[in-house]
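Novice:
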């Protein structure tokens, strides 16, 4: 039976994390930027699970569980902020939300 | 068999992530993020984390992404337009992300022999199942943090309700 090296899972997580960084920087829509944050969180979760498997420790999976809980809370609050932002500025483009710059 | 699973769902996850990056419409990005999360659930399962695979499908693909799609539809978000800020992000962002990826994968692949390899479906300790292992830790030594998360969720609900009110 062919096994997969843990390093491959970590490289896959690195690929997903870097795509998340690129999307975070390139995207101009605030909802899509928020989605790329979720993508980065998922990539880090994959790293935790891979290391939990490597060390035969359950604490890595517990950590992922807490990250999921915090991500759910963060998504609820973040999307509420996006709705409030859209009500105030009538736009979702982050370049047009520059109240602090001026 | 595990290698085939890894290659299939790893490629699916990367393709979904790239589709999130290149699609202009937020709803297309949201649906490709669902693909990434479902394939990550399969990878969790192949790493022996059955509970997390189920939680990934229910919490991420089921709850969080539905919330995202609700907000995209509520705000009637159309295709994003390119503005002046994007050019700097293109010039700095793509090489920066590429450099971080090169560094991370160099470290991981050079330590490849120390990291070892996986065995499909193995349990971490001598437990009967993955769920009993997780619940044993969660309800004994980590009981206080587990209960504190319920307060966190409550505060998040209140915050979301207050922030999304009409008269802010």
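Residue numbers (our numbering), protein chains in the order written: chain L, 1 to 102; chain H, 1001 to 1168. Ideal Cβ placement from N, Cα and C applies to all residues, glycine included.
List in chain order: all unbroken alpha helix (DSSP H) runs of 4+ residues lying wholly within the region 1053–1081 of chain H.
Specialist: 1065–1074
Novice: Indicate whether at least one CB of chain H lies closer than 8 Å to the CB of residue 40(L).
Specialist: no
Novice: Quick one: is residue 1062(H) near chain L, going by C-beta distance under 8 Å?
Specialist: no
Novice: Touching or not, the region 1050–1063 of chain H and the region 1087–1106 of chain H, by the rule of three or more beta carbon pairs under 8 Å?
Specialist: no
Novice: Can you name the residues of chain H whose CB is closer than 9 Å to the CB of residue 100(L)?
Specialist: In chain order: nothing, as chain H lies at least about 14 Å away.
Novice: Looking at residue 1145(H) and residue 32(L), is the spacing between their C-beta atoms short of 8 Å?
Specialist: no
Novice: In the DSSP assignment, the alpha helix (DSSP H) including residue 1019(H) goes from what residue to what residue?
Specialist: 1002–1022
Novice: Mind reading off the beta-carbon distance from residue 1080(H) to residue 28(L)? Whole number of angstroms is fine, and I expect it under 8 Å.
Specialist: A Cβ-Cβ separation of about 5 Å places residue 1080(H) in contact with residue 28(L) under the 8 Å criterion.
Novice: Taking just the CA atoms, how far does residue 1136(H) sit from residue 18(L)?
Specialist: 35 Å
Novice: Could you list which residues in chain L have their beta carbon closer than 7 Å to that of residue 1006(H), in chain order?
Specialist: 4, 8
Novice: On the three-state DSSP scale, how would you describe residue 1039(H)?
Specialist: Looking at residue 1039(H) - three-state DSSP - the assignment turns out to be helix.
Novice: What separation, rounded to the nearest whole angstrom, lies between the Cα atoms of residue 1147(H) and residue 1072(H)?
Specialist: Between the alpha carbons of residue 1147(H) and residue 1072(H) lies a gap of roughly 32 Å.
Novice: Measuring CA to CA, which of 1046(H), 1031(H), 1036(H) is closest to residue 42(L)?
Specialist: 1036(H)
Novice: In the region 1086–1162 of chain H, which residue ranges form an unbroken alpha helix (DSSP H) of at least 4 residues, counting only runs that do not cross its ends?
Specialist: 1112–1115, 1130–1139
Novice: Considering just the uninterrupted stretch of the alpha helix (DSSP H) at residue 105(L), what are its terminal residues?
Specialist: Outside the modelled stretch of chain L, which goes from 1 to 102, sits residue 105(L), for which no answer is possible.
Novice: Among 84(L), 4(L), 74(L), which has the Cα closest to the Cα of residue 1155(H)?
Specialist: 74(L)
Novice: Taking only beta carbons into account, state which residues of the region 1008–1039 of chain H come closer than 8 Å to chain L, listed in chain order.
Specialist: Against chain L - using a Cβ distance shorter than 8 Å - the residues of the region 1008–1039 of chain H are 1010, 1013, 1014, 1017, 1018, 1020, 1021, 1026, 1029, 1030, 1033, 1036, 1037.
Novice: Write down the C-beta distance between residue 72(L) and residue 1059(H) rounded to the nearest angstrom, noting that I regard them as a contact closer than 8 Å.
Specialist: 6 Å
Novice: Please tell me whether residue 1071(H) has its Cβ less than 8 Å away from any Cβ of chain L.
Specialist: yes
Novice: Could you tell me which chain H residues have their CB closer than 8 Å to the CB of residue 11(L), listed as they occur along the chain?
Specialist: 1104, 1105, 1108, 1109
Novice: Which residues in the same chain have their Cβ closer than 7 Å to the Cβ of residue 86(L), if we skip the five residues on either side of it in sequence?
Specialist: 92
Novice: How would you list, in chain order, the residues of chain H whose beta-carbon sits under 9 Å from the beta-carbon of residue 63(L)?
Specialist: Residues of chain H passing the Cβ test: none, with the nearest at roughly 10 Å.
Novice: Please confirm if residue 1139(H) has its CB atom under 8 Å from at least one CB of chain L.
Specialist: Taking 8 Å as the CB threshold, residue 1139(H) stays off the interface with chain L.
Novice: Once the 5 residues before and after residue 95(L) are set aside, which same chain residues still bring their CB inside 7 Å of it?
Specialist: 28
Novice: Specify, as a first and last residue, the run of the alpha helix (DSSP H) that residue 38(L) falls within.
Specialist: 30–55
Novice: Run down chain L in chain order and give the residues with a C-beta less than 9 Å from the C-beta of residue 1147(H).
Specialist: Within chain L, no residue comes near residue 1147(H); the closest Cβ sits about 12 Å away, beyond 9 Å.
Novice: Using a Cβ distance threshold of 8 Å, determine whether the region 3–17 of chain L contacts the region 1001–1009 of chain H, with at least three qualifying pairs required.
Specialist: Short answer: they touch.
Novice: Considering only the beta carbon of each residue, do residue 67(L) and residue 1047(H) sit closer than 8 Å?
Specialist: no
Novice: Nearest to residue 39(L) by CA position, among 1045(H), 1024(H), 1019(H), is which residue?
Specialist: 1019(H)
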